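Residue numbers (the working numbering): -6 to 288.
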């Protein structure tokens, strides 16, 4: 039986990951700032940025899965010190704890936002060159710095490292919505909505597929950076049209800037090759699951 230690265990991804782990017979120890747990696992309410976090990590744990972070650009904008304290120094603290407890693997939650500029519908894989000078996001910079720190530490003899660059994640939740949940709610509850361009797109991926990808990486040797994203771009227009069909609604859509199309298109080929992973939850299935949370 594998044992993992999860930071941010009560986060959106953390809760889904733990639910799947418990179904798969994986022993979970978790830590989060919240006062109580949502499921039956060994939970510790604490700040993983503090040095004493190592006290609750099992010796020779199979993997430390580091999800805890200020995880939205809006949480970090204009707050560079706090962003780097949590996202960079917090990760360094967990790396030290992993070394102290002789963890067998370190899994880090990064983001597609580390990629700088996409031209048109250009697809980027994990080897794409990233020009840090193009970044204006404190959040993206914090993830890039932690990726670099992990690469350097691995080269110095650290345990195997898996870095996941998550695409935009959606799923059943009451707050912190992505465009998928927001548009679905609008279709279900409003007569009209305004978007920039219906052709704006992302490789939105369901939280259940993200969690399954993390589980599939357990035991992966060496150092890897892996995108977890949908198989194709999903546009705002497609989300609206699918929601109209699923909820049997019709909404008026106003495009405020139809010619300005924003696309981020990270490839998932490496995840398929290394992990045998592919996204399973379709957009239609995901939208059906949202209904109790957007009504």
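Quick reminder that beta carbons are idealized off the backbone N, C-alpha and C, glycines included. Please read these numbers as outputs of a predicted model, since none were measured by experiment.
Taking the C-alpha atoms as reference points, what is the distance between residue i and residue j?
i           : j           : result
residue 105 : residue 49  : 31 Å
residue 243 : residue 230 : 13 Å
residue 179 : residue 74  : 35 Å
residue 0   : residue 27  : 12 Å
residue 248 : residue 183 : 16 Å
residue 94  : residue 146 : 15 Å
residue 112 : residue 126 : 16 Å
residue 185 : residue 136 : 36 Å
residue 72  : residue 39  : 22 Å
residue 149 : residue 274 : 39 Å
residue 92  : residue 139 : 16 Å
residue 289 : residue 85  : The shown model of the chain, from -6 to 288, leaves out residue 289, and the question about it has no answer.
residue 17  : residue -5  : 10 Å
residue 237 : residue 141 : 43 Å
residue 129 : residue 167 : 29 Å
residue 159 : residue 53  : 27 Å
residue 286 : residue 212 : 35 Å
Candidates the options: which alpha carbon is nearest residue i's?
i           : options            : result
residue 257 : 236, 224, -5       : 224
residue 121 : 108, 186, 132, 127 : 108
residue 2   : 22, 15, -4, 85     : 22
residue 206 : -2, 9, -5          : 9
residue 80  : 35, 101, 97, 96    : 101
residue 41  : 82, 16, 53         : 82
residue 87  : 128, 152, 72, 34   : 152
residue 43  : 16, 90, 55, 13     : 90
residue 173 : 203, 228, 144      : 228
residue 115 : 241, 284, 259      : 259
residue 67  : 226, 19, 171       : 171
residue 78  : 215, 134, 213, 214 : 134
Return the chain-ordered list of same chain residues with a C-beta closer than 6 Å to the C-beta of residue i, the five sequence neighbours on each side being excluded.
i           : result
residue 32  : 11
residue 254 : 190, 192, 193
residue 195 : 161, 257
residue 282 : 165
residue 219 : 157, 263, 264
residue 37  : 24, 49
residue 154 : 99, 143, 147, 216
Output yes or no for whether 8 Å exceeds the beta carbon distance between residue i and residue j.
i           : j           : result
residue 269 : residue 221 : no
residue 69  : residue 60  : no
residue 76  : residue 163 : no
residue 272 : residue 217 : no
residue 55  : residue 117 : no
residue 6   : residue 204 : yes
residue 280 : residue 177 : yes
Counting only the same chain and skipping the five closest in sequence on each side, list residues whose C-beta sits under 8 Å from that of residue i.
i           : result
residue 302 : Because the chain in this structure spans residues -6 to 288, residue 302 falls outside the shown range and cannot be described.
residue 245 : 184, 185, 186
residue 201 : 9, 13, 164, 273, 274
residue 4   : 25, 60, 61, 64
Please work out which residues of its chain come closer than 7 Å, Cβ to Cβ, to residue i, disregarding the five sequence neighbours upstream and downstream, and give them in chain order.
i           : result
residue 250 : 189, 190
| query | Counting only runs that start and end within the stretch 78 to 140, where is the alpha helix (DSSP H) found for 4 or more residues in a row? | reply | 83 to 93
| query | Mind pulling the alpha helix (DSSP H) runs of 4 or more residues that sit fully within the stretch 188 to 218? | reply | 200 to 209
| task | Please specify which runs of the beta strand (DSSP E), each continuous and at least 3 residues long, are wholly inside the stretch 145 to 185, giving them in chain order. | result | 154 to 159
| field | Contiguous beta strand (DSSP E) assignments of at least 3 residues, all confined to the stretch 232 to 274 | value | 245 to 248
| field | Start-end ranges of the beta strand (DSSP E) lying completely within the stretch 7 to 55, minimum 3 residues | value | 20 to 25, 35 to 38
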